[in-house]
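Read the structure below first, then the notes.
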Amino acid sequence: MATSDSQTSAPNKGFDLLRRRVRGHQGMIIGSVIVVSVLLIALLAPLLAPHDPYQQDLLKRLVPPVWDSRGSWEHVLGTDHLGRDYLSRLIYGARISLLIGIGAALISGIIGTIMGVMAGYFGGRVDMIVTFMITVRLSMPVVLVALAVVAIVGGSLQVVIAVLGLLLWDRFAVVMRSSTLQIRSMDYVAAARAVGCSTSRVLMTEVMPNVVNNLIVITTIEIAHAIILEAALSFLGLGVQPPMPSWGLMVSEGKDMMLFEPWLITIPGVALFLLVLAINLMGDGVRDITAPENRN
Amino acid sequence: MSNRVLSVENLSVDIPLADGVLHAVDNVTLHVDRGETLCIVGESGCGKSLTSLALMDLLPKKAIRTIASLDLNDASILNYSEKQMSDVRGNRMGMIFQEPMTSLNPAFTIGNQMVETLRRHRKLSNAEAQDLAKQTLEKVGITAAEQRLNQYPHQLSGGLRQRVMIAMTLLCEPELIIADEPTTALDVTIQAQILLLLQELQAEYDMGLILITHDLGVVARIATRVAVMYAGQVVEQGTAEQIFENPMHPYTRGLMRCIPVPGRTQPGEPLGSIPGMVPSLIGRFTGCRFADRCDLVKDACRKGDVPLRDAKGKTQGYRCVIEPRDMTKVA
Amino acid sequence: MSEMMINASAVTRDFSISRGMFRGKQRLKAVNGVDLNVTRGEVLALVGESGCGKTTLAKILLGLLPQTSGSISLCGTPIGEVPRLELAKTIQPIFQDPYSSLNPRKSIGSIIGLPMRVQGEEDQQAILQRVAETMELVGLPSRLLNAYPNQLSGGQRQRVAIARALVYRPEIVVCDEPTSALDVSVQSQILNLLNELRAELNLTYIIISHNLAVVEHIASRVAVMYLGRIVEQAETSTLFSNPQHPYTRALLDSVLTPDPRLGLPNTQLGASYPNPIDPPSGCAFHPRCANAMPHCAQAAPNGLVNKDTYVECHLYSDGDAAKAG
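Chains as they are written, first to last, in my numbering: chain A, 1 to 296; chain B, 297 to 627; chain C, 628 to 952.
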């Protein structure tokens, strides 16, 4: 019996290669560290925040942060126009950003993935319908629609998550559709069908695991996207309502005092920027690492 | 002026990887004369494609090329700058790739791409370039050449696209053509036509032709001389008759035994095979690279580099410690 | 009397190609009236070039694609009536590209065990046992059980594909260019393996290939396809020693045997392969045929059956004084 060749790399070398891969991807490490920190901060907010973010102290309005000569350690990042501690608001604001980002991405992810995979796998009429829906969705200006909905229904955390979730699925659908199209033509899908797999089984065990890579990247992009959109909506007054400590709202409330109390907008602005950047870096890295090409 | 179109000595290509340095090509020495076809034959991973890219200085950035000498028509092009090399490529040295769809730009018409090549290397007006392009297309057997000039690559079949590739290579009347698996992606009947075309054009333009392939049938029918590559080295070379009628290197012999030949191999009988796998070329390698798979292996095979030795015919060389007279004749 | 495994009659398969938004759809006849019988234990080769319909025909026989018209029966039962799981145990594929026929996200053990899990086998031990047996049968070392496809060579992957196909010891295996993507030295190993397995497991093969040297070595019968039809069918030795159809002759002439004394053949095939959307009139091969007669452009030839051979060509089917080409 003709036996096959003997040289293959041992499977347990994989862990060492994984470690080497991770070490080489500084962007991902930095990004992950930041994201995980923000996550922890958000989760442990009650323990970390020095003050109640809603508590007003009209005697201590607009106190600058500690690095300014007039600042003090009692309010490390100063206070806003209602005397609320900025550090505490920042910490609780992280919760809101993450909640909205993840919530919206989850909803739109499920909607978009189902649509995209169906369109890519079944083609024909299903594809036509989904493509039409994507085109319609893309011709809608997201911010205006969100504004309109919120104006009618009223702004709140739940409404923002729902609206963003129902509007941001387009990129999921497009990417999942093209990924599925690629996978559908692979011989292992035909082999699975020949072996007797039902359609649902083929989709779950053959197609999904191979499109998950792209799904991860798009998910991170959309989480970041949702966070920024929420900030924009809140800035415009049609997102989360005061007194909730949304970072976007904080920027909005601070914009009138921009010249003399710049920390009111720079601090939440920098926080937003860092979080979004970190999420994107992390997403890139995770995708690279989990790609099967790198398993060797 | 000699007949030698291309001569390369001690060409090596090293690629630094995370695990170490991959010695993909090791001290390859080759030459081609006018009107001669040199076939470089080997299996995947033997370094034949990298060798051809190295000759044109088209290696990926990470790859390190080391050559003792590289002469095109007896003049050294070894230390040419990128600008000088780009004057050589497409002009004096033409290259034909395996997949014509990816080597032709799908966004431009055939005519566009041909005219661009012509005007890059020769001082021709647009009209003159168009005319020459049309004539060249006809020369490679493409009918309705005028219309073809206005077509895009995707509108043509694989065989036609490959003819266009050949036409583009001919535009500047090169001295040498390097064809890397030019017919592997084509149907069997088209393959024969394209090879015939290459042969005819070579005779007409008196060019040297280097043809890289894994198909021994192609080699036998078209090659003047053959270089067999294995694991980055040339393990045997000689004329086509020498290689096919009297292969010396155990790898070459093994390959010959593997292929089914209507009329020679018995249907139903097991084909010959070469056990094992190509060794890893990362890091230093001592001794013969074929040792682990060779049925004639001895201790001497693993000690030190194995040089090319002459077979009985002076023009045939093979890389083995075993002397010609000790090589057992295998049917 | 050999058992009839597959009986296909007048099978066609059309595809609708849309030609843009405002032009109607056009019909592409990928398979255009094929009659085929496969008996147990034989190795039938489907030979032809790209666009001849051999891959489409294979997919129809595997139950992956329904035919547009015509009937196919598998061991007596019409193929449309065979339950999906039963079909999977009877006929299995081996594909050409070892790099796309294995799911890169699954381990080898998982890939080979898939057929069993799909058939409802829940006993993990039984699955493991069968997988191990099958791996040994195809010459895969057991330590590769938990490896992933990208850690394997092309030859090893093809063995995995073979193992997956043989887990339930099917009756028929359809091999679509099983060795074209492999190196020469690996190709011979896989061909030898396929031959051994056929003898050991009493398999029936349908082999699709464009490599006539491989076909001559491994097939017992050959069917030559051109533009969706079988134009000639005969036992291998008969076809190679006495090809009837001009296309078959051109194909055989194009085979480059490793003989340095012979040069390149000039098949005089002229024009390129026709477009299946716009096939030539009459006999589909006539624009490229060196023996074409005026009659050939007008009417499609009838098939001529002569003992075990079949050929569709006006040179033969019109009975009378046709020049024996």
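A virtual CB, placed ideally from N, CA and C, is assigned to each residue, including glycine.
Note that this is a predicted model, so its numbers are computed, not measured.
Query                                                                                                                                                                            : Result
In whole angstroms, what separates the C-alpha of Ile835/C from that of Asn280/A?                                                                                                : 47 Å
Please confirm whether Val195/A has its beta-carbon closer than 7 Å to some beta-carbon of chain C.                                                                              : yes
Please report how far the alpha carbon of His837/C lies from the alpha carbon of Asp595/B, in whole angstroms.                                                                   : 43 Å
Give the straight-line distance between the Cα atoms of Val787/C and Gln533/B, rounded to the nearest whole angstrom.                                                            : 36 Å
Have a look at Thr639/C, Leu673/C, Leu663/C, Asn634/C and flag the residue whose alpha-carbon is nearest the alpha-carbon of Met852/C.                                           : Leu673/C
Checking contacts by CB at 7 Å: is Asp803/C closer than that to chain B?                                                                                                         : no
Please confirm whether Ile336/B has its beta-carbon closer than 7 Å to some beta-carbon of chain C.                                                                              : no
Tell me, please, which residues DSSP counts as bridged to Leu302/B.                                                                                                              : Val328/B, Leu368/B
What is the residue span of the beta strand (DSSP E) that Glu859/C lies within?                                                                                                  : 856-862
Given that Val514/B touches chain F, what residues does it touch there, using C-beta distances under 8 Å?                                                                        : Of the protein chains in the structure, A, B and C, none is chain F.
Is it true that the CB of Val411/B sits closer than 7 Å to the CB of Leu359/B?                                                                                                   : Per the sequence shown, the amino acid found at residue 359/B is Ala instead of Leu. No. Outside cutoff.
Using a Cβ cut-off of 7 Å, pull out every chain C residue sitting near Asp187/A, in sequence order please.                                                                       : Phe722, Asp724, Ser727, Ser728
With 7 Å as the limit, tell me which residues of the segment 886-916 of chain C have their beta carbon closer than that to any beta carbon of chain B; keep them in chain order. : Asp886, Pro887, Leu889, Gly890, Leu891, Pro892, Asn893, Thr894, Leu896, Ser899, Tyr900
With a threshold of 7 Å between beta carbons, is Arg615/B in contact with chain C?                                                                                               : no
Using the beta-carbon of each residue, which ones in chain C are nearer than 8 Å to Pro209/A?                                                                                    : Asn730, Arg732, Lys733
Give the single residue among Phe132/A, Ile161/A, Ile134/A whose Cα lies nearest to the Cα of Ala146/A.                                                                          : Ile161/A
What does the alpha-carbon distance come out to for the pair Ile904/C and Gly680/C?                                                                                              : 12 Å
Report yes or no: is there a C-beta of chain B within less than 7 Å of the C-beta of Ala788/C?                                                                                   : no
Check whether the Cβ atoms of Ser636/C and Ser727/C lie closer than 7 Å to each other.                                                                                           : no
Return no unless some Cβ of chain C is closer than 7 Å to the Cβ of Pro449/B.                                                                                                    : no
Whole angstroms are fine: how far does the CA of Val136/A sit from the CA of Ser569/B?                                                                                           : 60 Å
Give me the residue from Arg418/B, Val304/B, Asn422/B with the minimum Cα distance to Asn375/B.                                                                                  : Val304/B
For Arg580/B, is the classification buried or exposed, using 16 other Cβ atoms within 10 angstroms of its Cβ as the cut-off for buried?                                          : exposed
What are the residues that DSSP puts in a beta bridge with Glu939/C?                                                                                                             : Gly930/C
I need the straight-line Cα distance from Leu59/A to Ala104/A, nearest angstrom please.                                                                                          : 39 Å
Within the segment 422-510 of chain B, note down every full alpha helix (DSSP H) run reaching 4 residues or more, in order along the chain.                                      : 422-435, 441-445, 454-466, 484-501
Closer than 7 Å by C-beta to Glu669/C: which residues in its own chain qualify, once you throw out the five before and the five after it? Chain order, please.                   : Thr831, Ser847, Arg848
I need the boundaries of the beta strand (DSSP E) containing Cys335/B, first residue and last residue.                                                                           : 333-337
Bridge partners for His319/B per DSSP, in chain order?                                                                                                                           : Asp310/B
Out of Thr398/B, Thr347/B, Asn306/B, point me to the one whose CA is closest to Leu507/B's CA.                                                                                   : Thr347/B
Quick check: the Cα distance between Asp601/B and Leu771/C, rounded to an integer number of angstroms?                                                                           : 34 Å
Please confirm whether Ala463/B and Val484/B have their CB atoms less than 7 Å apart.                                                                                            : no
Taking the straight line between their C-alpha atoms, what separation do you get for Leu233/A and Ile216/A?                                                                      : 25 Å
For Leu689/C, which residues in chain A fall below 9 Å Cβ to Cβ?                                                                                                                 : Ala190, Arg193, Ala194
Kindly list, in the order they appear in chain C, the residues whose Cβ is closer than 9 Å to that of Arg457/B.                                                                  : Result: empty, since nearest Cβ-Cβ is about 11 Å, beyond 9 Å.
Quick check on DSSP: helix, strand or coil for Ala951/C?                                                                                                                         : Residue confidence is low: Ala951/C scores 44 on pLDDT, short of 50, so the model does not pin down where it sits. Its coordinate-derived value is still stated next. Note: Ala951/C maps to coil in three-state DSSP.
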